[in-house]
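The block underneath contains the structure these notes are about, expressed in structure tokens.
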Amino acid sequence: MLKKLSLFGKQPAGIKTEQFISILRRPGFNLEYIVSHGRASEPGFWYDQEETEWVILARGRAVLEFENGEPLELTTGDYLLIPAHCKHRVGSCSDDAVWLALHFPDLPSHHS
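The opening position of the sequence shown corresponds to residue 226 in the working numbering, with each subsequent residue numbered one higher.
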């Protein structure tokens, strides 16, 4: 039987750390649901991921910072593609921030 779930369902009370929940995982493919609870990345911490990440801010506000670039302010519905090994971090986010992140291998480019 199919089961309906919600990105915005009731969250457990008292959780103050960022939650990463894998919704769908297949070889070379991972779709994550992320609830930030207003948490920014720790000072000095940078994500440096092996895979490309497509991410959408499904609810809330956030600022993503990049090691070699300007910060990006995001609001509900904004999305971007972060290449593998592009160092980034969450500079700030609202208490209600909810993300979807799709991680997949960096595809090699084909040249003629």
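All C-beta atoms in this analysis are idealised placements derived from N, C-alpha and C, irrespective of residue type, glycine included.
Listed as beta-bridge partners of Trp324 by DSSP are Ile259, Leu282.
Looking at the DSSP output, Phe329 bridges to Thr277.
Restricting attention to Lys241, Glu295, Glu278, the CA atom closest to the CA of Ala265 is found in Lys241.
About 7 Å separates the CB atoms of Leu282 and Ala322; that is less than 8 Å, so the two are in contact.
His328 counts as buried, since no fewer than 16 other beta carbons sit within 10 angstroms of its beta carbon.
Contact between Ile259 and Gln274 is absent: CB atoms are separated by about 13 Å, not below the 8 Å threshold. Between Trp271 and Leu305, the gap from beta carbon to beta carbon reaches 9 Å or more. Residue state for Arg264 is assigned as coil, using DSSP reduced to three classes. The alpha carbon of Glu267 has as its nearest neighbour, out of Ser319, Asp320, Ala309, Val315, the alpha carbon of Val315.
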